[in-house]
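Here's the structure we're looking at; comments come further down.
Protein chains in written order, with full-length UniProt numbering: chain A, 1 to 187; chain B, 1 to 187.
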């Protein structure tokens with residue numbers, strides 16, 4: 001998680017990043033992915049192309065960075081009153097978002113960059129959300145699986161099926177959550 | 001699984017494919033991935049570039065095709081005398097191969113192409129291998145999990161961790177296999 005957590009908020013570097021990310025998102029929304037280039041993004045962002053090359057190196061590194069930022073959760077998981085309910089609601093929404101066209105493109109962009117920093121940040125965001133649900137559940141006195149167990153039993157099958165097979169529907173996601181919760185109760 | 005299973009063996013089209021795949025593998029082995037181009041592959045294979053463009057369209061489609069072929073298993077899973085042993089041996093080898101530099105590049109190449117045909121073929125190869133192990137286990141009268149359960153409980157975490165986190169070591173892979181087998185016995 002430590003790598004490239006982003007520049008100090010409000011500084012010049014942060015303003016450049018926000019502007020370049022915004023420009024990339026705007027272009028991706030209105031033209032085909034294959035037509036997006038660093039000079040176009042620079043023009044849209046009002047910076048020189050060399051600013052982008054210096055900071056991100058290559059287009060796919062910038063697009064990976066944009067995708068990771070988009071995958072950063074902007075709110076805590078819904079509190080439904082139980083750990084099982086919270087995990088189910090979170091997992092259903094995660095599966096739906098990741099299997100959308102936009103979600104699939106984000107995953108591809110994150111995986112296309114060199115090195116594992118971007119993917120690890122995504123996995124870290126997911127682990128944080130699960131941690132929030134787990135702490136609430138434990139505070140209520142409920143049994144709840146370890147975060148690693150939720151990653152293996154719930155998140156991994158959702159992502160694997162999106163990438164290599166057919167996306168799982170809500171029923172199958174519900175089964176994964178039920179299995180993980182049953183295992184936690186058996187411990 | 002049906003898409004692009006490959007041309008009739010021995011025909012002209014099959015010879016072109018074998019020659020182009022071989023050329024791509026040879027170039028990937030001796031130069032940096034970013035330097036490999038369709039004209040270079042064509043020269044190495046002794047075909048015209050237009051033959052490659054006509055058949056594969058773009059470089060990353062060809063490299064995805066080469067990667068899928070490399071991920072096709074060339075032998076049945078080892079028979080260790082029990083379903084549990086067979087699955088453990090297969091999963092350990094799969095985790096090791098996929099987390100190697102070559103394995104990671106194959107996964108990335110497969111995922112980089114448009115459409116889901118390549119990834120689905122890879123998932124199909126894995127399901128076939130698990131099916132062989134399952135049929136042997138059932139013939140011995142052993143309990144064995146459904147193929148889908150093995151994909152969710154064993155294969156998905158192995159692949160997810162390679163892509164988004166740290167590759168799982170043999171101990172963690174052993175735990176995944178043990179959990180899947182315990183679940184099959186409880187059914």
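Built from N, CA and C at the ideal position, the CB exists for glycine as well.
Please classify residue i: is it buried, with 16 or more other beta-carbons within 10 angstroms of its beta-carbon, or exposed?
{"i": "residue 179(A)", "result": "buried"}
{"i": "residue 106(A)", "result": "buried"}
{"i": "residue 129(B)", "result": "buried"}
{"i": "residue 145(B)", "result": "buried"}
{"i": "residue 73(B)", "result": "exposed"}
{"i": "residue 103(A)", "result": "buried"}
{"i": "residue 126(A)", "result": "buried"}
{"i": "residue 65(B)", "result": "buried"}
{"i": "residue 165(B)", "result": "buried"}
{"i": "residue 2(B)", "result": "Bear in mind that a pLDDT of 41 at residue 2(B), under 50, signals an unreliable position, so the model cannot answer this."}
{"i": "residue 4(A)", "result": "Low per-residue confidence applies at residue 4(A): pLDDT is 49, beneath 50, and the placement is therefore not dependable enough to give any value."}
{"i": "residue 138(A)", "result": "exposed"}
{"i": "residue 31(A)", "result": "exposed"}
{"i": "residue 170(B)", "result": "exposed"}
{"i": "residue 157(B)", "result": "buried"}
{"i": "residue 135(A)", "result": "exposed"}
{"i": "residue 83(A)", "result": "buried"}
{"i": "residue 39(A)", "result": "exposed"}
{"i": "residue 241(B)", "result": "An answer regarding residue 241(B) cannot be provided, because it is not within the stretch 1 to 187 covered by chain B."}
{"i": "residue 11(A)", "result": "exposed"}
{"i": "residue 29(A)", "result": "exposed"}
{"i": "residue 14(B)", "result": "exposed"}
Of the residues the options, which one's Cα is nearest the Cα of residue i?
{"i": "residue 57(B)", "options": "18(B), 120(B), 163(B), 37(B)", "result": "37(B)"}
{"i": "residue 167(B)", "options": "93(A), 120(A), 20(A)", "result": "120(A)"}
{"i": "residue 70(A)", "options": "25(A), 116(A), 137(A)", "result": "25(A)"}
{"i": "residue 48(A)", "options": "19(A), 65(A), 75(A), 64(A)", "result": "19(A)"}
{"i": "residue 162(A)", "options": "141(B), 136(B), 116(B)", "result": "116(B)"}
{"i": "residue 131(A)", "options": "10(A), 148(A), 175(A), 13(A)", "result": "148(A)"}
{"i": "residue 108(B)", "options": "84(B), 90(B), 159(B), 152(B)", "result": "159(B)"}
{"i": "residue 153(B)", "options": "137(B), 172(B), 143(B)", "result": "172(B)"}
{"i": "residue 143(A)", "options": "184(A), 157(A), 124(A)", "result": "184(A)"}
{"i": "residue 46(B)", "options": "16(B), 29(B), 59(B)", "result": "16(B)"}
{"i": "residue 33(A)", "options": "10(A), 63(A), 99(A)", "result": "63(A)"}
{"i": "residue 175(B)", "options": "113(B), 77(B), 61(B), 89(B)", "result": "89(B)"}
{"i": "residue 151(B)", "options": "87(B), 14(B), 140(B), 77(B)", "result": "87(B)"}
{"i": "residue 112(A)", "options": "52(A), 60(A), 43(A), 97(A)", "result": "60(A)"}
Run through chain B and tell me which residues come within less than 9 Å of residue i, C-beta to C-beta.
{"i": "residue 27(A)", "result": "Neighbours of residue 27(A) on chain B: none; closest Cβ ~20 Å, over 9 Å."}
{"i": "residue 101(A)", "result": "By Cβ distance, chain B contributes nothing, its closest Cβ being about 12 Å from residue 101(A), past 9 Å."}
{"i": "residue 171(A)", "result": "Result: empty, since nearest Cβ-Cβ is about 13 Å, beyond 9 Å."}
{"i": "residue 74(A)", "result": "Those do not exist, as residue 74(A) stays about 20 Å from chain B at its closest Cβ, beyond 9 Å."}
{"i": "residue 86(A)", "result": "Within 9 Å Cβ-Cβ: nothing; residue 86(A) doesn't reach chain B, min ~21 Å."}
I want to verify the contact list: residues of chain A whose CB lies under 7 Å from the CB of residue i, in sequence order.
{"i": "residue 188(B)", "result": "Since the first residue shown for chain B is 1 and the last is 187, residue 188(B) is missing from the structure and cannot be characterised."}
{"i": "residue 177(B)", "result": "Neighbours of residue 177(B) on chain A: none; closest Cβ ~12 Å, over 7 Å."}
{"i": "residue 66(B)", "result": "Correct list: empty, because the minimum Cβ distance to chain A is about 18 Å."}
{"i": "residue 120(B)", "result": "164, 165"}
Going along chain B, which residues have a C-beta under 8 Å from residue i?
{"i": "residue 108(A)", "result": "111, 112"}
For residue i, go through chain B and note every residue whose CB falls closer than 7 Å to its CB, in chain order.
{"i": "residue 156(A)", "result": "156, 157, 160"}
{"i": "residue 32(A)", "result": "Those do not exist, as residue 32(A) stays about 12 Å from chain B at its closest Cβ, beyond 7 Å."}
Output, in chain order, the set of chain A residues within a Cβ distance shorter than 9 Å of residue i.
{"i": "residue 79(B)", "result": "The premise fails here: residue 79(B) is roughly 26 Å from chain A at the closest Cβ pair, so nothing lies under 9 Å."}
Could you pull out every unbroken beta strand (DSSP E) segment of at least 3 residues lying fully inside the segment 37-76 of chain A, listed in chain order?
none
Curious, which full-length alpha helix (DSSP H) runs of at least 4 residues does the segment 96-135 of chain B contain?
101-112
Give the list of continuous alpha helix (DSSP H) stretches no shorter than 4 residues that lie fully inside the segment 136-176 of chain B.
147-150, 156-164
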